[in-house]
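Numbering (my numbering), first residue to last: 103 to 257.
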């Protein structure tokens, strides 16, 4: 599992490569656009940096920690410490806490949908594989956001 802290970059990545039935995608990812071969950890770190930049541009601040895992045809991005102060207060306050949580989720979903095309274009360039789907969820109670990107085999 590659772990990337937004301020530390590539040097903060540790890799645990498991058995993967989709070797063609991983081979394409590891040789992104240059004659030098990139490791899976370097690609995971690059995805983490893209997601950090995306989050910072969209919400005004980056996440506290990012964990990126690429396995098979999935790229899973786990962001911790994502909520702004206003979102934390909104999720905790109100006549009903569930109402505030629903509002934060609705806001985050709307923002991600509006910026979806830019995110897909950037990530496709980063992993050198078409992205067929994006799954997104946020847990205001846990201050965690998760993205799952479905990757297609470009060959």
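All C-beta atoms, glycine included, are put in the ideal place defined by N, C-alpha and C.
These numbers come from a predicted model, not from an experiment.
What do you reckon, are the CB atoms on residue i and residue j nearer than 8 Å?
i           : j           : result
residue 207 : residue 183 : no
residue 222 : residue 238 : no
residue 163 : residue 141 : no
residue 170 : residue 225 : no
residue 189 : residue 172 : no
Counting C-beta neighbours from all protein chains within 10 Å, is the total for residue i 16 or more, i.e. buried, or is it exposed?
i           : result
residue 194 : exposed
residue 232 : exposed
residue 135 : Legend: pLDDT at residue 135 = 49, less than 50; position of this residue unreliable, no value from coordinates given.
residue 104 : Bear in mind that a pLDDT of 46 at residue 104, under 50, signals an unreliable position, so the number given afterwards is only what the model happens to contain. Looking at its Cβ environment, which holds 16 or more other Cβ atoms inside 10 Å, residue 104 is buried.
When you compare only the Cα positions, how much space is there between residue i and residue j?
i           : j           : result
residue 210 : residue 144 : 28 Å
residue 240 : residue 230 : 27 Å
residue 217 : residue 227 : 16 Å
residue 242 : residue 168 : 16 Å
residue 212 : residue 181 : 18 Å
residue 191 : residue 245 : 12 Å
residue 247 : residue 255 : 26 Å
residue 219 : residue 199 : 32 Å
residue 161 : residue 151 : 15 Å
residue 235 : residue 139 : 27 Å
So who's on the other strand from residue i, going by DSSP bridges?
i           : result
residue 181 : 168 and 247
residue 255 : DSSP, once it has assigned bridges, lists no residue as partnering residue 255.
residue 149 : Partner(s): none; residue 149 has no beta bridge.
residue 238 : 249
residue 258 : The structure shown does not extend to residue 258, since the chain is modelled only from 103 through 257, so no value can be given for it.
Exercise. Is the stretch 139–155 touching the stretch 200–218, taking contact as three or more C-beta pairs under 8 Å?
Worked result: no
Exercise. Does the stretch 242–253 come within contact of the stretch 167–177, defined as at least 3 CB pairs closer than 8 Å?
Worked result: yes
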